[in-house]
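Inspection log for the structure reproduced underneath, given as structure tokens.
Residue numbers (the numbering used here), protein chains in the order written: chain A, 1 to 248; chain B, 1001 to 1282.
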């Protein structure tokens, strides 16, 4: 099933042409890895999907981004962002307790029932494979967790509002290899229920977890295909060069 | 070749000296005022009305008047200042209007306090017919401290990391909820600090209350916000320049009470800031 359809997407920040004529689809129940060197437009692409770019006053776009055949500009932005969760590059817990971090979104969306909240929080923490580590200390500040735990807390916080798609923006760039492995495991398990878009600077990570891989360079989508294809027989020389580490 | 370490030491010495120079006037002011004013301080001085043409008795009405004025100024200035700060830091787009508003705030901060006094006289006392009253004085002081409150509140709001806002918005939480539940709670220490500093300034100013509220001599306490009131800074001015033969210790005693009040208020600001900074987690 096609989750996102992107047609002729162009994005500018002031006079900088950040994304050029991008056409692609994102499927449900897949992990799409987005790779490319710095400034290739990966993160801009990701932030287009939940309209976080709108916060930038210099942002302009044309073309169409459709979520299940509906133009995202015509969806109420808060409804859209509930459906499209996001995990940021650095673990960004809110200055609240562990419990309140996960409960924050549902609370703001109107859930008052304490029991429902507890259920939801527990569920989300289990899905993010953090429950066992934090179940006895939910009232502690989220900043007492390690970096890897904080990032999984952020995943739990995203899951708690029942999204359909989860955007990961270099989620492991600040993490050690063991935490990275845990976050990757989490992503692979989440794929059963969510569409996942993973922006990563780590080519090996894209190879490990991605079903399909998209390669961006200087704002252009160079190539998108099944991950094994991209990594064994890419059509474009530049893709080949990048994944072999010749540049970027 | 010059010895870089020697140059560095000389530079450090002058930097240190300049820093030290700040402490000296503050210390001297406090020492002199305490030394000359402390003998006047007793319960009667703090709780009695002025007697014998303000040459004896106490300064109670002036203390009460100053408290009323400060409270009135805050009631007026805090809500307006805070709302304006939220608008400017969270909602306002960078356009001509916003720039004019920001410029106005900067200029409002630079207006001499006596001009506020005249403005208050013209607008509140005469035009709105409040008369010389606590209401007119509070409003005048309120306008005077607005820029302090707006500027410090804006800085406090803007110091809350942008990433917190993005996280909250990315969960589909509305902008207002984000401000209300994430931005404001984390900006409160800064806002409080600014408010209290404004409060200290309102307590100490003479010129804005000169034409708008201050009574030369009023042996009873004000009964409503439309009454005139005595106030510490103006009382100090009166007994220092307008009334002959006031005992020096009464003048310095009054100054000491005023200074203590303002420093006490600033101390509260410092304590609040310190406590919240220790709690700050990012």
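Ideal placement from N, C-alpha and C gives every residue a C-beta, glycine not left out.
Residue i, DSSP secondary structure in three states
i	result
residue 1055/B	coil
residue 1140/B	helix
residue 1166/B	helix
residue 224/A	strand
residue 150/A	helix
residue 109/A	coil
residue 1219/B	coil
residue 33/A	strand
residue 70/A	strand
residue 213/A	strand
residue 75/A	coil
residue 1225/B	coil
residue 136/A	coil
residue 1247/B	coil
residue 1050/B	strand
residue 230/A	helix
residue 22/A	strand
Option nearest residue i by Cα separation, candidates the options
i	options	result
residue 1178/B	1162/B, 1189/B, 1193/B	1162/B
residue 22/A	40/A, 1/A, 228/A, 15/A	40/A
residue 1172/B	123/A, 105/A, 112/A	105/A
residue 1159/B	1206/B, 1090/B, 1251/B	1090/B
residue 201/A	171/A, 190/A, 182/A, 184/A	171/A
residue 1192/B	1100/B, 1222/B, 1157/B	1157/B
residue 1139/B	1073/B, 1010/B, 1094/B, 1121/B	1073/B
residue 157/A	1154/B, 1168/B, 1155/B	1168/B
residue 1270/B	1142/B, 1200/B, 1082/B	1200/B
residue 1188/B	1275/B, 1022/B, 1096/B	1275/B
residue 1068/B	1222/B, 1245/B, 1242/B	1222/B
residue 1174/B	6/A, 38/A, 52/A	52/A
residue 207/A	32/A, 124/A, 61/A	32/A
residue 4/A	114/A, 167/A, 99/A, 244/A	167/A
residue 1070/B	1127/B, 1097/B, 1208/B, 1024/B	1208/B
residue 143/A	16/A, 214/A, 132/A, 95/A	95/A
residue 182/A	57/A, 152/A, 124/A, 243/A	152/A
residue 174/A	112/A, 245/A, 89/A, 154/A	89/A
For residue j and residue i, believed in contact at Cβ under 8 Å, the rounded distance
i	j	result
residue 72/A	residue 65/A	5 Å
residue 87/A	residue 169/A	7 Å
residue 209/A	residue 192/A	Actually they are not in contact, since the Cβ atoms of residue 209/A and residue 192/A sit about 13 Å apart, beyond 8 Å.
residue 25/A	residue 195/A	Not a contact, Cβ separation roughly 11 Å.
residue 159/A	residue 110/A	The pair is not a contact, with the Cβ atoms about 18 Å apart (cut-off 8 Å).
residue 216/A	residue 63/A	With 8 Å as the limit, residue 216/A and residue 63/A do not qualify as a contact, their Cβ atoms being about 15 Å apart.
residue 97/A	residue 140/A	6 Å
residue 1041/B	residue 1256/B	7 Å
residue 220/A	residue 234/A	Not confirmed; about 15 Å, so no contact.
residue 1241/B	residue 1132/B	20 Å between Cβ atoms; not a contact.
residue 1059/B	residue 1050/B	7 Å
Backbone CA spacing between residue i and residue j [nearest angstrom]
i	j	result
residue 212/A	residue 128/A	23 Å
residue 1149/B	residue 1077/B	8 Å
residue 1176/B	residue 1103/B	26 Å
residue 237/A	residue 34/A	17 Å
residue 229/A	residue 199/A	18 Å
residue 1170/B	residue 28/A	20 Å
residue 134/A	residue 101/A	13 Å
residue 1277/B	residue 1085/B	21 Å
residue 44/A	residue 19/A	8 Å
residue 1254/B	residue 1037/B	7 Å
residue 1134/B	residue 1065/B	8 Å
residue 197/A	residue 1184/B	32 Å
residue 1061/B	residue 1224/B	14 Å
residue 1154/B	residue 55/A	19 Å
residue 1081/B	residue 1265/B	19 Å
residue 1238/B	residue 1229/B	14 Å
residue 107/A	residue 81/A	15 Å
residue 121/A	residue 91/A	18 Å
residue 1122/B	residue 1129/B	9 Å
residue 1272/B	residue 1195/B	12 Å
residue 77/A	residue 119/A	27 Å
residue 1087/B	residue 1146/B	15 Å
residue 1022/B	residue 1015/B	11 Å
residue 38/A	residue 1165/B	24 Å
residue 1249/B	residue 1079/B	40 Å
residue 61/A	residue 190/A	31 Å
residue 1011/B	residue 1003/B	13 Å
Check: residue i C-beta below 7 Å from any heavy atom of the ligand MG
i	result
residue 1194/B	Ligands are entirely absent from the displayed structure, and the ligand MG is therefore not among its contents.
Review point. Should the stretch 144-159 of chain A be called in touch with the stretch 11-26 of chain A, which here means at least 3 C-beta pairs below 8 Å?
Key: Counting Cβ pairs under 8 Å, fewer than three are found: no touch.
Practice item. Take every Cβ of the stretch 1179-1198 of chain B, pair it with every Cβ of the stretch 1115-1126 of chain B, and state whether three or more of those distances are shorter than 8 Å. Key: The stretch 1179-1198 of chain B, when compared against the stretch 1115-1126 of chain B, does not touch it at the 8 Å Cβ threshold.
Exercise for review: Pair every Cβ in the stretch 1230-1239 of chain B with every Cβ in the stretch 1192-1210 of chain B, then say whether three or more of these pairs are closer than 8 Å.
Suggested key: The stretch 1230-1239 of chain B vs the stretch 1192-1210 of chain B: in contact.
Exercise for review: Please determine if the stretch 1047-1062 of chain B and the stretch 1210-1219 of chain B are in contact, where contact requires at least 3 C-beta pairs separated by less than 8 Å.
Suggested key: yes
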